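In my numbering, the protein residues as written are 21 to 155.
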């Protein structure tokens, strides 16, 4: 309960944390199932919270998908929640870009590559980055 009181967790995260604290896997799994039945742990709620938090920090959809997969979330749920939240990724991308590089235009191929790599590491899609850097 203390873990869920601080923030949402995926079922896999809870399992890792409980096993790390010495609980047997079958007992930890039973506890997680009880928490889910009571509505204390919900994968969908976790995904929504995670996507909102990461997008507000300036992370793109590619990185968010990757992180959610690592946390044991299925692709179908990830895509469904991403579609429902309807985040304007171009706006997030532009905000991150302006915060990092300001209004200075790209001066060289080397600088273009540096900016491209920065945005790609933040998790934005190739076409989004190219479109922004062209403009």
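Glycine included, C-beta positions come from ideal geometry on N, C-alpha and C.
Here the structure is a predicted model, which is why all the values come from computation and not from measurement.
{"query": "For residue 101 and residue 68, believed in contact at Cβ under 8 Å, the rounded distance", "result": "6 Å"}
{"query": "Three-pair Cβ contact test at 8 Å for the region 73-85 versus the region 134-145", "result": "yes"}
{"query": "Helix, strand or coil at residue 123 according to DSSP, with G and I counted as helix", "result": "coil"}
{"query": "Stretch-stretch touch, CB-based, cutoff 8 Å, three pairs: the region 59-74 with the region 27-37", "result": "yes"}
{"query": "Contained alpha helix (DSSP H) runs [length at least 4] in the region 44-104, N- to C-terminal order", "result": "45-58, 63-76 and 81-90"}
{"query": "Rounded straight-line distance, which links the Cα of residue 106 to that of residue 148", "result": "16 Å"}
{"query": "Run of the alpha helix (DSSP H) containing residue 151, from where it starts to where it stops", "result": "146-154"}
{"query": "Cβ-based burial, residue 25 [other Cβ within 10 Å; buried from 16]", "result": "exposed"}
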